[in-house]
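Below is one structure; the comments refer to it alone.
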Amino acid sequence: QSGPSAARTSPPQSSQKLLAEMQALSFKASVGCSRVCAQAPKQQRVAAAPRVRAEAEAAPAAEKPAWAPPALDSNTPSPIFGGSTGGLLRQAQVEEFHVITWESKKEQIFEMPTGGAAIMRQGPNLLKLARKEQCLALLTQLRTKFKIDGYIYRVFPNGEVQYLHPKDGVYPEKVNAGRPGDNTNMRRIGQNVNPVSIKFSGKIPAEF
């Protein structure tokens, strides 16, 4: 159409340009709002993570119960052993003897520290030996070959039982918090005493 009516119905170019700019701005605003809304939960999670971590650190750790040595059950059966010329020494009657206990999942053949072979029973086992070193040798075999942990006791003639090894429930080659060092004194070498001054005193350098 031509004439004055067509001029009235068609908007000017400046109005069309302004309308297009307004539509572009509204589109950018809607896109930015959707991005912020989508990122809000992630930001909330990131902000909540340090709060949860701080609460976990503030919560006191549960104290572990004090370790107590296992009691010795004298009714525990001994391994199946045919016997040998060795046995308990005379000191077992007048001084002491030693006992090692362990628990096996099945019957297995093992070497006796005094010579010969024996069969450990399924379940608990108790073996009397004359020397602590014999118990330690057998315990080393049990731990390395059979992956079995054991306990060593000393029994006096009056029936008193003394728990020996592992002393604090953790074997010596493993780290245990609070374990004091043996024969150690944390000092510089220049702080050591003169060896002549402790000669024949019956003490070791770590005691000075």
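The sequence shown begins at 2 in the working numbering and counts up one residue at a time.
Note that the Cβ used here is the ideal one computed from N, Cα and C, for glycine as well.
As the structure is a prediction and not an experimental result, all values here were calculated from the model.
- The count of Cβ pairs closer than 8 Å, one atom from the segment 83-103 and one from the segment 173-184, stays below three, leaving the stretches out of contact.
- Distance from P167 to P173 at the Cβ level is roughly 7 Å; contact confirmed, criterion being Cβ atoms closer than 8 Å.
- In this structure, P78 keeps its C-beta atom at 9 Å or more from the C-beta atom of F111.
- Per DSSP, reduced to three states, the secondary structure at S105 is strand.
- Given a length threshold of 3 residues, each whole run of the beta strand (DSSP E) inside the segment 106-137 is given here in chain order: 109-112, 118-121 and 124-130.
- With a contact defined as Cβ atoms closer than 8 Å, G170 and W103 miss out at about 15 Å.
- When secondary structure is reduced to three states using DSSP, G151 falls in the strand class.
- Nearest to M187 by alpha-carbon distance, out of K129, I149, F209 and L143, is F209.
- Distances from the alpha-carbon of L73 to those of N184, L137, R132 and L127 put L127 closest.
- Of the candidates T115, P125, Q24 and Q94, the residue whose Cα lies closest to the Cα of Q135 is T115.
- The straight-line gap separating the alpha-carbon atoms of G124 and K106 is approximately 6 Å.
- One thing to note: R155 has its Cβ no nearer than 9 Å to the Cβ of L90.
- The continuous stretches of alpha helix (DSSP H) do not include Q163, which lies in the beta strand (DSSP E) extending over residues V162 to H166.
- Beta-bridge analysis with DSSP links F98 to V156.
- Looking only at E161, Q109 and K204, the smallest Cα-Cα distance to K146 is reached by Q109.
- When DSSP reads this structure, I81 sits in a beta bridge with I120.
- Exclusion of the five residues before and after V194 leaves P206 and F209 as the residues of its chain whose Cβ lies within less than 8 Å of its Cβ.
- For S75, there is no enclosing alpha helix (DSSP H), since its DSSP letter is neither H nor E.
- Taking the C-beta atoms as reference points, L165 is found no nearer than 9 Å to G151.
- In this structure, DSSP gives T145 a helical state, which the three-state scheme calls helix.
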